[in-house]
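Asks: Quick note: the sequence shown uses this note's numbering, first residue 178, plus one each step.
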Amino acid sequence: MTNRLLDKQVIFFAVVTCAMVGMVLFGLHRNEGARGEYFIPARVVDVVEDMTSLNEAGARVGTQIVNVRLLSGPRRGDIVEAANRLFPIEHAAYAQVGQRLLVFYSDGFAHVQSYDRSFAIYGVVLGFFVLLGLVFGKAGIKSAFGLVFTFVVIIFLLLPLIISGAPPALVTVGLSLCIIAVSLISIMGFGEKTWVSIAGSALGIVFYSLFYLLISALLRITGFNVQEVDLLILAGLGTGVSELLFCAILIASLGALMDVAVSLASVTAELSGKTVEFKPLFGSAMKVGRDIIGSSSNTLILAFTGSFFVMLILFNVHNTQYAVLINRTDIAIEVLRAVSATAAMVLCAPATAFIGAHVFTAKNTSKKRG
């Protein structure tokens with residue numbers, strides 16, 4: 178039995194790995210003609226001129242002229258002069274000798290775009306995976322595998338499909354179910370607890386969809402209210418852009434839904450060893466679930482609020498009247514994000530406990546009969 182289960186897991190990881198390779202190839206093929214081929218990593222070899230200073234907020238502004246060595250492309254190794262204009266915005270990069278930068282280069286003209294953070298990002302992610310492995314052993318490595326699968330699905334499959342004209346909401350829900358299944362099977366293996374967790378998470382998506390439709394109708398949020406949607410329409414993506422807000426909130430809340438489902442499934446599985454009756458098992462699971470939901474709800478709402486924190490400070494600096502503030506579209510969107518996702522998570526808990534109580538009660542009953 179153990180060998181058969183091990184074979185299942187080996188086959189599962191092999192199939193999913195092959196699927197990820199296919200998704201990466203598909204995503205790269207879709208982006209072959211994408212703009213941005215002139216952006217090249219480079220290393221600063223000399224700062225020719227530095228006309229920068231700190232402004233009142235402590236941000237460095239001004240202009241630099243630097244010599245950089247191109248690190249890729251047909252002119253790899255060449256040293257070119259690049260202008261670097263610093264403004265107090267996110268892509269400003271203060272150049273220093275030895276530093277890696279991302280440079281736009283075309284027809285002898287070059288200017289600094291941003292810091293080259295690629296190796297730092299790879300290192301941080303790798304360090305996080307190592308930390309997971311050191312603390313949780315095999316379980317941590319399996320969890321990292323699920324995270325990689327999620328990243329690959331979103332970047333190399335979901336985004337290209339939406340850009341190709343696939344219905345965003347339908348594709349996002351379908352791939353979210355795939356992410357749930359692969360992530361939970363990777364961590365928990367094949368067993369009743371896994372299936373209960375998958376079923377509870379899937380119901381969480383259903384609850385979220387219903388709450389999103391209801392709340393968006395009440396708040397008159399159509400999906401076209403999001404600022405970035407205008408830019409997508411101008412870029413030629415006209416199909417399904419109004420559904421992208423639905424997709425974004427679902428992806429952001431998917432982890433929380435899975436956490437609640439796994440927690441309730443695990444609690445129900447543990448408690449099933451003490452009782453074989455459905456009603457007391459469901460009641461005991463819900464007692465524990467109340468504490469889980471209380472903390473998880475705060476976590477999710479605070480996460481969404483935190484993403485809007487700087488804008489709230491800006492409103493207060495300008496003494497925006499409450500009547501104006503509460504009726505702003507962006508405030509309504511944040512309420513939609515927080516409440517629809519959190520309400521879905523709240524209902525996900527009893528749904529998972531209900532399914533788990535049925536499954537584990539039936540299992541215990543069959544064992545007794547056996």
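Heads up, the beta-carbon is just placed ideally off N, CA and C, and yes, glycines get one too.
Quick one: measure Cβ to Cβ for Ala528 and Gly377, integer angstroms, because I've assumed they're closer than 8 Å.
Replies: Here residue 528 refers to the residue found at position 351 when the sequence shown is read from its first residue. Here residue 377 refers to the residue found at position 200 when the sequence shown is read from its first residue. Confirmed, about 6 Å.
Asks: CB-CB under 6 Å to Ser430, same chain, minus the five flanking residues each way: which ones, in chain order?
Replies: By 1-based counting over the sequence shown, the position of residue 430 is 253. If we look at Ser430 and ignore the five residues flanking it on each side, its Cβ neighbours are Ala518.
Asks: Between Ala509 and the rest of its own chain, which residues show a CB-CB distance below 7 Å, the 5 nearest in sequence each way excluded?
Replies: Your numbering for residue 509 matches position 332 in the sequence shown. Hits under 7 Å: Leu396 and Ile398.
Asks: Who are Gly351's beta bridge partners in DSSP?
Replies: As a working mapping, residue 351 is identified with position 174 in the sequence shown. DSSP, once it has assigned bridges, lists no residue as partnering Gly351.
Asks: Go through its chain and collect everything with a Cβ distance to Ile520's Cβ below 6 Å, but skip five positions before and after it.
Replies: Working through the sequence shown from its first residue, we reach residue 520 at position 343. With the sequence shown as reference, residue 520 is identified as Ala, and Ile is not the correct amino acid for it. Around Ala520: Phe388.
Asks: Check whether the Cβ atoms of Lys540 and Phe367 lie closer than 7 Å to each other.
Replies: Taking the sequence shown and counting its residues from 1, the one referred to as residue 540 is at position 363. Taking the sequence shown and counting its residues from 1, the one referred to as residue 367 is at position 190. Contact flag unset, no.
Asks: Measure the Cβ-Cβ separation of Ile532 and Val373 and say whether it is below 7 Å.
Replies: Translated into the one-based positions of the sequence shown, residue 532 becomes position 355. Translated into the one-based positions of the sequence shown, residue 373 becomes position 196. Yes, these two residues count as a Cβ contact at 7 Å.
Asks: When the Cα atoms are used, what is the spatial distance from Phe306 to Ala321?
Replies: By one-based count along the sequence shown, residue 306 stands at place 129. By one-based count along the sequence shown, residue 321 stands at place 144. Between Phe306 and Ala321, the C-alpha separation is close to 6 Å.
Asks: Apart from the five residues just before and just after Ser472, which ones in its own chain have a Cβ nearer than 8 Å to its Cβ?
Replies: In the sequence shown, residue 472 corresponds to position 295, counting from 1. None.
Asks: Enumerate in chain order the residues of its own chain whose CB-to-CB distance from Thr476 is below 8 Å, with the five nearest sequence positions on each side excluded.
Replies: By one-based count along the sequence shown, residue 476 stands at place 299. The residues are Ala433.
Asks: Keeping to the same chain, check which residues put their C-beta closer than 7 Å to that of Gly317; ignore five residues upstream and five downstream.
Replies: Taking the first residue of the sequence shown as position 1, residue 317 is located at position 140. Excluding positions up to five away in sequence, the list reads Leu309 and Gly310.
Asks: Any heavy atom of the ligand NAP within a distance shorter than 6 Å of the CB on Gln498?
Replies: Summarising the ligand content, the structure contains no ligands, and the ligand NAP is consequently not present.
Asks: Starting from Ala287, follow the beta strand (DSSP E) in both directions and report where the run begins and ends.
Replies: The count along the sequence shown starts at 1 and reaches residue 287 at position 110. Per DSSP, Ala287 belongs to the beta strand (DSSP E) from Phe286 to Tyr292.
Asks: In whole angstroms, give me the CA-to-CA distance for Glu447 and Glu369.
Replies: The sequence position of residue 447 within the sequence shown is 270, counting from 1. The sequence position of residue 369 within the sequence shown is 192, counting from 1. Computed Cα separation, rounded: 12 Å.
Asks: DSSP puts Arg237 in a beta bridge; with which residues?
Replies: Against the sequence shown, residue 237 aligns to sequence position 60. Beta-bridge pairing links Arg237 to Leu231.
Asks: Which residues in the same chain have their Cβ closer than 7 Å to the Cβ of Ile362, if we skip the five residues on either side of it in sequence?
Replies: Stepping through the sequence shown from its first residue, residue 362 is reached at position 185. Closer than 7 Å at Cβ, skipping near neighbours: Phe189 and Thr371.
Asks: Give me the residue from Thr327, Thr349, Ser386 and Lys456 with the minimum Cα distance to Gly417.
Replies: Position 240 of the sequence shown, counted from the first residue, corresponds to residue 417. Per the Cα distances, Thr349.
Asks: Is it the case that the Cβ atoms of Ala259 and Val245 are separated by a distance below 7 Å?
Replies: Working through the sequence shown from its first residue, we reach residue 259 at position 82. Working through the sequence shown from its first residue, we reach residue 245 at position 68. Their beta carbons are under 7 Å apart, which means Ala259 touches Val245 by this criterion.
Asks: Using a Cβ-Cβ cutoff of less than 7 Å, which residues in the same chain neighbour Ser443 once the five nearest sequence positions on both sides are dropped?
Replies: Locating residue 443 in the sequence shown gives position 266, counting from the first residue. Contacts found: Lys370.
Asks: Could you name the residues that DSSP lists as bridge partners for Tyr282?
Replies: In the sequence shown, residue 282 corresponds to position 105, counting from 1. Tyr282 pairs with Ala287.
Asks: What are the partner residues of Phe216, as DSSP defines its beta bridges?
Replies: To locate residue 216, count along the sequence shown from 1; it is residue 39. For Phe216, which the question treats as bridged, DSSP gives the partners Phe281.
Asks: Could you round the C-beta distance between Ile551 and Phe313 to whole angstroms and report it? I think they count as a contact, below 8 Å.
Replies: Nothing in the structure corresponds to residue 551, since the chain is present only between 178 and 547.
Asks: Indicate the three-state DSSP secondary structure (helix, strand or coil) for Ala211 in the structure shown.
Replies: As a working note, residue 211 is residue 34 in the sequence shown. Since pLDDT at Ala211 reaches only 46, below the 50 mark, its modelled position is unreliable, and no value is offered.
Asks: So, is Lys319 buried or exposed, given that buried needs 16 or more other C-beta atoms within 10 angstroms?
Replies: Sequence index remark: in the sequence shown, residue 319 carries index 142 (1-based). With 16 or more other Cβ atoms within 10 Å, it is buried.
Asks: Count the other CB atoms, across all protein chains shown, that sit within 10 Å of the CB of Asp537; report buried if there are 16 or more and exposed otherwise.
Replies: Within the sequence shown, the letter at position 360 stands for residue 537. Note on residue identity: the sequence assigns Phe, not Asp, to residue 537. Flag for Phe537 reads buried.
Asks: CA-CA distance, Ser449 and Ala462?
Replies: Taking the sequence shown and counting its residues from 1, one reaches residue 449 at position 272. Taking the sequence shown and counting its residues from 1, one reaches residue 462 at position 285. Roughly 9 Å separates the two Cα atoms.
Asks: In the DSSP assignment, the alpha helix (DSSP H) including Ile256 goes from what residue to what residue?
Replies: Locating residue 256 in the sequence shown gives position 79, where the first residue counts as 1. Per DSSP, Ile256 belongs to no alpha helix (DSSP H); it is in the beta strand (DSSP E), Ile256 to Leu263.
Asks: Could you give the C-beta distance for Phe281 and Tyr215, rounded to a whole number, given that I count them as a contact under 8 Å?
Replies: Reading the sequence shown from its first residue, position 104 is the one you call residue 281. Reading the sequence shown from its first residue, position 38 is the one you call residue 215. That pair is a contact at about 6 Å.
Asks: Once the 5 residues before and after Val330 are set aside, which same chain residues still bring their CB inside 7 Å of it?
Replies: As a first step, residue 330 is located in the sequence shown; it is residue number 153 there, counting from the start. So the qualifying residues of the chain are Met200, Leu352, Cys355 and Ile356.
Asks: Answer with buried or exposed for Gly323, where buried requires no fewer than 16 other C-beta atoms within 10 angstroms of its C-beta.
Replies: Position 146 of the sequence shown holds residue 323. So Gly323 counts as buried.
Asks: What would DSSP say about Val224, mapped onto helix, strand or coil?
Replies: By 1-based counting over the sequence shown, the position of residue 224 is 47. Residue state, collapsed to three classes: strand.
Asks: Does the Cβ of Ile339 have 16 or more other Cβ atoms within 10 Å, making it buried, or fewer, making it exposed?
Replies: Residue mapping note: residue 339 aligns to position 162 of the sequence shown, counting from 1. Flag for Ile339 reads buried.
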